[in-house]
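Worksheet: the structure to be examined is printed underneath.
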Amino acid sequence: MTKEKQKLFDQKVVEQLGTKKERWHEETLKGKVGDKKYYTESGIPIDILYSPSDIKDLDYQKDIGFPGEAPYTRGVYPNMYRGRLFTVRQLAGFGAPEDCNQRIKYLLDNGATGVNIVFDLPTVRGYNSDDPEAEGNVGACGVAIDSLEDMETLFNSIPIDEISSSVVTHMPSTTVVLLAMYMVMAEKRGIALEKLSGTNQNDFLMETVVGSAPEILPPKASFRLQCDAIEYASKHLPRWNPVSYNGYNLREAGTSAVQEVAVGIANAIATAEELISRGNSVDDFAKRMSFFWDLCNDFFEEIAKCRASRIVFQEVMRDRFQAKNPNSQMMRFHVQTSGITLTAVEPLNNIARSSIQGLAAILGGAQSLHIDSYDEAYSAPTEEAALVSLRTQQILQGETNVVNTVDPLAGSYYVESLTREMAQRIREYIEEIERKGGLVAVTESGWLHREISNFAYKQQKAIENGEQKIVGVNHFPAEKKKAAEIEVFRYPETAVRQTEKLARLRKKRDQAKLDKALGNLREKCLSDENIMPYVKEAVLALATLGEIEEIFREEFGLWQFPLA
Amino acid sequence: MSRPIKVVMAKLGLDIHWRGAVAVSRMLRDEGMEVVYLGNQFPEQIVNAAVQEGADVVGLSTLGGNHNSLGPKVVELLRKKGLEDILVLMGGVIPSEDIPALKEKGIAAVFGPESKIVDIASFIRGKVS
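Sequences listed follow chains A and B, in order.
Note that this note's numbering gives residue 388 to position 388 of the first sequence, counting from 1, and the numbers run on in steps of one.
In short: position in the second sequence from 1, add 564, done, that's this note's numbering.
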């Protein structure tokens, strides 16, 4: 590739067009540009019309390129959805493992192509179901997992060597335990680790920024566990994505689209620096980094965000870390449609919102997609609502024809201009984080928490004063007092069943083997060694999730969430 | 009332979704109230903080499904300490059919996702005087 730009447009023609646009403004448009200023959701001004002048410097090869080639603006695979449709990955998670196993089978029987498991809050926060801290949350919002045996029940007769599993493990401390359980479960079923395909979340910001809790590990400790899981997987799980940098939950908590992506990439940068300092080569691990974006309502901005995120990641991996393997420069991401944009009033309207967001994900080149259910402002989805989401995906894939050509919005003056602007703002926000000492430092100082809090506060004000329109709420508000008729999903009683299982488990374990495994794990917490093999050993000895997490809490200490 | 109304706001138990609780806390401050945001806490700690701070109002936020078990527990613990005049409010994702039972157990009001801060603030002012 030449260093010099080969501009797509003849600059003389563009210049003439600029003059012509001015004339059009005066003579045809006559200044009728609307009565206010228009901005994208992240604050980029929107012009009434885009033309070649807005992207006059564009070099097709360098700035856009072909799909499957750098800079991957048009997508990471050459044939995109013609090669493989994005994975229909609807979330499932509630109750005890045997309840959730039924929902997984239901979704797979109806054509879902991947599994996507969420865990209940005690599990993701590292408590057993019979722990007093778990009260009220067992089996709610996700499935309860306490031990290896629960993981075996959860995936009972699910072909984990054929389909890919996403396990939404949130925090690194839970990831190392749940990933270890998943690996041991597979090995006991005779499935080689090389065959395991899937993703876990493993983002230290889920522990220290997004998810507040009474007991949180310090950012440095959480980040170390995050890197341990990634490093271990790079050596033993060639088809596994050991991290999904979670922009989604940051966005839901309160960031713009720009901040969402910038923080995700800043975390990838911090990870790469750490793993390289441990003696790994960037090409050992970068190819399995994956990302998780939230697609909200600003249709074109979300598409531009997806395209821009690939551009910036490629630059970072190529220029900063000198990644040689093309796979190390490809950003692959999962999309979930936005929960925060859904309303409790007139819940069926949410089907329209989620469909539009899902369409944006496809036009943005997502690798897998979860479409939120219309009842998510009430509870975990009912079976009926989950089916509507699944069907929405299938309608997008099968009926709309949007999947049959790659990156159809490329070349749109607006989308290309917005893609460039988003990329620039993402770079600038990453630079700001780095000026403040990097992602771990801005977490420790509480700067990131304040950024999120400020955004959430401003957005709430904009909703209350009507600047940000929400149909049924402040824009064409729904009739007052008319309660929505909606079936609320009721979580099955789980705590009692899980408590009984734990009691049985504790009785039948080989105590000497367990003590030895837990002792080894405790010893390694403050060493430089990768923690994963020791967690695996403990899991195999039937240590519970809560027991392992308690060791982490004791050895790493707790951290005060910096938001008051 | 000479001093500002004092609110102790908490995320209930393990529920992680803090956006609403933080936004409401900040907006109640804009309304002239004094708000102490505790972050995530369990009922015992919330009640202890309410006592220490001399709270007029306890705000509990949850989107995680623990409203029925942990919400009324806060009221119960306050009553045990003879603090039944502290107003206990809840916010978040709470099915409407659960609200009557919560009110029966002493939750003064439940503010769902589309509530406006002016309504929350005027409800508080109407009760605390």
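Even for Gly, the Cβ is constructed at its ideal location relative to N, Cα and C.
**Prompt:** Leaving out the 5 sequence neighbours to the left and right, which residues in its chain are closer than 6 Å to residue 164 of chain A when beta-carbon positions are compared?
**Reply:** Around residue 164 of chain A: 114, 197, 198.
**Prompt:** Who are the neighbours of residue 460 of chain A on chain B, taking C-beta pairs under 9 Å?
**Reply:** The contact set of residue 460 of chain A on chain B, defined by CB atoms closer than 9 Å, consists of 583, 584, 587, 588, 590, 591, 681 in chain order.
**Item:** residue 245 of chain A at chain B interface by Cβ criterion, 9 Å
**Value:** Taking 9 Å as the CB threshold, residue 245 of chain A stays off the interface with chain B.
**Message:** DSSP three-state label for residue 576 of chain B, please.
**Reply:** The answer is strand: DSSP assigns residue 576 of chain B an E or B state.
**Member of A/249, A/450, A/142 whose CA lies at the smallest distance from the CA of residue 628 of chain B** = Closest by C-alpha distance to residue 628 of chain B, out of A/249, A/450, A/142, is A/142.
**Prompt:** Using 8 Å as the Cβ pair cut-off and three pairs as the minimum, do the segment 655 to 673 of chain B and the segment 161 to 181 of chain A touch?
**Reply:** Too few Cβ pairs lie closer than 8 Å, so no.
**Message:** I'd like to know whether the C-beta of residue 343 of chain A is nearer than 9 Å to at least one C-beta of chain B.
**Reply:** Closer than 9 Å: yes.
**Min CB distance residue 340 of chain A to chain B below 9 Å** = So, interface residue.
**Message:** Cβ closer than 7 Å: which chain B residues qualify as neighbours of residue 210 of chain A?
**Reply:** Under the 7 Å cutoff, chain B gives 580.
**Item:** Rounded separation between residue 626 of chain B and residue 544 of chain A - CA only
**Value:** Taking the straight line from one Cα to the other gives about 27 Å.
**Asked** Roughly how many angstroms lie between the CA atoms of residue 1 of chain A and residue 62 of chain A, to the nearest whole one?
**Response** Reliability of the predicted coordinates at residue 1 of chain A is poor, the pLDDT of 49 falling under 50, and no value is obtained from them.
**Asked** How is residue 290 of chain A classed by DSSP in three states: helix, strand or coil?
**Response** Of the three classes helix, strand and coil, the one that applies to residue 290 of chain A here is strand, per DSSP.
**Item:** Three-state class that DSSP yields for residue 267 of chain A in the structure shown
**Value:** Residue state, collapsed to three classes: helix.
**Prompt:** From the beta carbon of residue 125 of chain A, is the nearest beta carbon of chain B less than 9 Å away?
**Reply:** True, the Cβ-Cβ gap to chain B drops below 9 Å.
**Message:** Does the segment 52 to 61 of chain A come into contact with the segment 412 to 424 of chain A, if we say contact requires no fewer than three beta-carbon pairs (one atom in each stretch) closer than 8 Å?
**Reply:** Taking 8 Å as the limit for Cβ pairs, the verdict is that the segment 412 to 424 of chain A does touch the segment 52 to 61 of chain A.
**Prompt:** Which one of A/538, A/501, A/357, A/279 has the shortest CA to CA distance from residue 513 of chain A?
**Reply:** Checking every option, the nearest Cα to that of residue 513 of chain A belongs to A/538.
**Message:** So the candidates are A/257, A/26, A/284, A/344; which of them puts its Cα closest to the Cα of residue 426 of chain A?
**Reply:** Comparing Cα positions, the closest option is A/257.
**Item:** Residue from A/329, A/208, A/255 with nearest C-alpha to residue 268 of chain A
**Value:** Checked all of A/329, A/208, A/255; the closest Cα to residue 268 of chain A is A/329.
**Prompt:** Is the CB-CB distance between residue 652 of chain B and residue 615 of chain B below 9 Å?
**Reply:** No, these two residues do not count as a Cβ contact at 9 Å.
**Asked** Of all the beta strand (DSSP E) runs that stay within the bounds of the segment 343 to 423 of chain A, which reach a length of 3 or more residues?
**Response** Within the segment 343 to 423 of chain A, the runs of beta strand (DSSP E) that reach at least 3 residues and sit entirely inside it are, in chain order, 368 to 370.
**Request:** Taking C-beta pairs closer than 8 Å, name the residues in chain B that residue 196 of chain A reaches, listed in chain order.
**Result:** What residue 196 of chain A touches in chain B: nothing, since even the nearest Cβ is about 28 Å away.
**Request:** Just tell me which of A/130, A/50, A/85, A/4 has its CA closest to the CA of residue 14 of chain A.
**Result:** Of the candidates A/130, A/50, A/85, A/4, A/50 places its Cα closest to the Cα of residue 14 of chain A.
**Request:** Could you check how far apart the C-beta atoms of residue 505 of chain A and residue 147 of chain A are, in whole angstroms? I think they sit under 8 Å.
**Result:** Right, their Cβ atoms sit about 6 Å apart.
**Request:** Indicate whether at least one CB of chain B lies closer than 9 Å to the CB of residue 137 of chain A.
**Result:** Taking 9 Å as the CB threshold, residue 137 of chain A lines the interface with chain B.
**Contacting residues, own chain, Cβ-Cβ under 7 Å from residue 345 of chain A (five flanking each side not counted)** = Closer than 7 Å at the Cβ level, and outside the excluded window around residue 345 of chain A, lie 472, 473, 478, 484.
**Asked** Are the beta-carbon atoms belonging to residue 359 of chain A and residue 299 of chain A less than 9 Å from one another?
**Response** In this structure, residue 359 of chain A sits near residue 299 of chain A, with a CB-CB distance shorter than 9 Å.
**Message:** If contacts are defined as beta-carbon pairs under 8 Å, then residue 491 of chain A and residue 94 of chain A qualify, I think. What distance do you get, rounded to the angstrom?
**Reply:** About 5 Å; that satisfies the 8 Å criterion.
**Request:** Note down, in chain order, all residues in the segment 138 to 165 of chain A with a beta-carbon under 8 Å from any beta-carbon belonging to chain B.
**Result:** Answer in chain order: 140, 141.
**Message:** Less than 9 Å between the C-beta atoms of residue 607 of chain B and residue 637 of chain B, yes or no?
**Reply:** Here residue 607 of chain B is near residue 637 of chain B, since their CB atoms are less than 9 Å apart.
**Prompt:** Mind checking whether residue 403 of chain A and residue 81 of chain A have CB atoms under 9 Å apart?
**Reply:** Note that the C-beta distance between residue 403 of chain A and residue 81 of chain A is below 9 Å.
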